[in-house]
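**Student:**
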Amino acid sequence: MSAAADKAGGAASASDRRDSPFLRNLGNFAGNRMALAAAAVVGIFVVLAVFAPLIAPQDPNETDLFRRLQPPVWMAGGDWAYPLGCDGLGRDILSRIVYGARISIFIGAAVILLATTVGIMAGLAAGYLRGWVDVAISRLVDILLGFPYLIFAIGLMAMMGPGLQNIVIALAYKEWVIPCRVVRGETLAAREIEYVEAARALGASRGHIMLREIMPNILSPVIVVSTIRMAHVIILEASLSFLGLGVQPPTASWGSMVADGRAFILEAWWVSTFPGLAILLLVLSINVASQGLRDAFDPRFHE
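Here it is, written out as structure tokens:
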């Protein structure tokens with residue numbers, strides 16, 4: 001009798017795990033082959049960024065003017081030691097692309113982490129506390145959304161100067177408004193749900209209700225939105241570096257590599273083309289993967 005009960009309990013537990021909304025949504029994502037392939041490409045870029053010193057075939061900052069504008073290996077004059085050719089200073093393009101992935105992914109992840117944290121806190125406060133707190137935060141969000149993102153970031157970088165830390169601050173300074181609006185809307189809906197009303201009736205503090213009752217139940221749309229926004233942040237970082245306001249030489253950055261190749265676009269197209277393709281591939285993969293996440297985790301797409 002006891003063994004049968006244990007077996008039934010184990011079966012029920014396994015069934016609960018299978019019926020978990022998170023696992024079910026994760027299964028929906030895994031069933032989307034295109035999104036899964038895109039996520040795999042993003043994973044490859046992450047591996048390149050983390051293990052760049054082990055993967056890059058050459059020192060990304062080592063110059064050799066004898067190899068200046070050396071073509072890719074499949075063209076006349078190419079060398080397998082420099083498979084994608086060399087730039088105007090004789091630096092290996094493949095190695096600089098590998099190290100450039102570090103910059104793009106680090107800045108993208110740091111900006112999204114900082115902006116999402118601030119946005120969640122501000123959105124929870126605006127949506128739950130309402131009143132003057134909601135008015136103040138909403139007006140600030142409206143003001144920041146009124147400025148073009150790139151121009152706003154250029155202005156901040158011009159004031160603060162170049163550097164990784166300043167790039168993260170300049171991009172996160174406005175990026176937080178996106179998760180803030182999402183969290184505010186979700187909080188407005190969640191504050192009237194039964195479990196929140198029950199916690200309020202039991203005398204739970206505002207902080208407890210916001211952080212322990214509401215926040216865990218609204219994270220799915222925030223994660224999806226933040227993933228989508230990461231692609232946008234990577235493009236902005238590349239744009240700042242292209243304009244000379246981002247990562248400074250000799251540090252490898254895809255945006256600055258594209259800028260360096262402008263002078264040789266006709267005679268040495270590979271200098272700017274390959275880093276440009278890296279930006280395109282990473283951003284496209286993040287967008288496709290994030291669309292798959294949205295389709296899997298947003299219940300409106302299963303109605």
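In UniProt numbering, the protein residues as written are 1 to 303.
For glycine and all other residues, C-beta sits at the position ideal for the given N, C-alpha and C.
All values reported here derive from a predicted model rather than from experimental measurement.
1) Taking T187 as the reference, give the member of G203, I167, L211 and L202 with the closest Cα.
2) Could you give the DSSP three-state label for D295: helix, strand or coil?
3) Along the alpha helix (DSSP H) that carries F66, what are the first and last residues, could you check?
4) Reducing DSSP to helix, strand and coil, say where D79 ends up.
5) Looking only at C-alpha atoms, which of M121, S272 and A76 sits nearest to R91?
6) Could you spell out where the alpha helix (DSSP H) holding E192 opens and where it closes?
7) What first and last residue would you give for the alpha helix (DSSP H) that runs through V165?
8) Can you find at least 3 beta carbon pairs, one from the stretch 238–256 and one from the stretch 198–215, that sit closer than 8 Å?
9) For E197 and L113, what's the separation of their Cα atoms in angstroms?
10) What residues are listed by DSSP as bridge partners for C180?
11) Go ahead and label P249 buried or exposed: buried means 16 or more other beta carbons lie within 10 angstroms of its beta carbon, across all protein chains shown.
12) Round the Cβ separation of T227 and I286 to the nearest angstrom and send it over; I've been treating them as touching at under 8 Å.
13) Give me the Cα-Cα distance between Y173 and T116, rounded to the nearest whole angstrom.
14) Have a look at F297, I107 and V177 and flag the residue whose alpha-carbon is nearest the alpha-carbon of V168.
15) Is D92 helix, strand or coil when you go by DSSP?
16) Determine the DSSP secondary structure at A11, reduced to helix, strand or coil.
17) Taking its Cβ as the centre, do 16 or more other Cβ atoms sit within 10 Å of I209, making it buried, or is it exposed?
18) Write down the C-beta distance between L94 and P83 rounded to the nearest angstrom, noting that I regard them as a contact closer than 8 Å.
19) In chain order, what residues of the same chain lie with their CB nearer than 7 Å to the CB of F274, ignoring the 5 residues before and after it?
20) Please determine if the stretch 61–78 and the stretch 34–48 are in contact, where contact requires at least 3 C-beta pairs separated by less than 8 Å.
21) Looking at the unbroken alpha helix (DSSP H) that takes in T227, where does it start and where does it end?
22) So that I know if they touch, is there some Cβ in chain D lying closer than 8 Å to that of L144?
23) From A231 to G146, what distance separates their C-alpha atoms?
24) Do V111 and V233 have their C-beta atoms closer together than 8 Å?
**Tutor:** Straight from the coordinates:
1) L211
2) helix
3) Premise fails: F66 is in no alpha helix (DSSP H) and is neither H nor E.
4) strand
5) S272
6) Segment: none, E192 is in no alpha helix (DSSP H) and carries neither H nor E.
7) As written in the sequence, residue 165 is Gln, which differs from the Val given in the question. Looking at the DSSP string, the run of the alpha helix (DSSP H) that includes Q165 is L164 to E175.
8) no
9) 30 Å
10) According to DSSP, C180 bridges with nothing at all.
11) exposed
12) 7 Å
13) 11 Å
14) I107
15) strand
16) Caution applies to A11, whose pLDDT of 44 falls short of 50 and renders its modelled position unreliable; the value that the coordinates give is listed next. Helix, per DSSP.
17) buried
18) 6 Å
19) L84, I93 and I97
20) no
21) L219 to F242
22) Judged by its chain identifiers, the structure shown contains no chain D, having just a single protein chain.
23) 21 Å
24) yes
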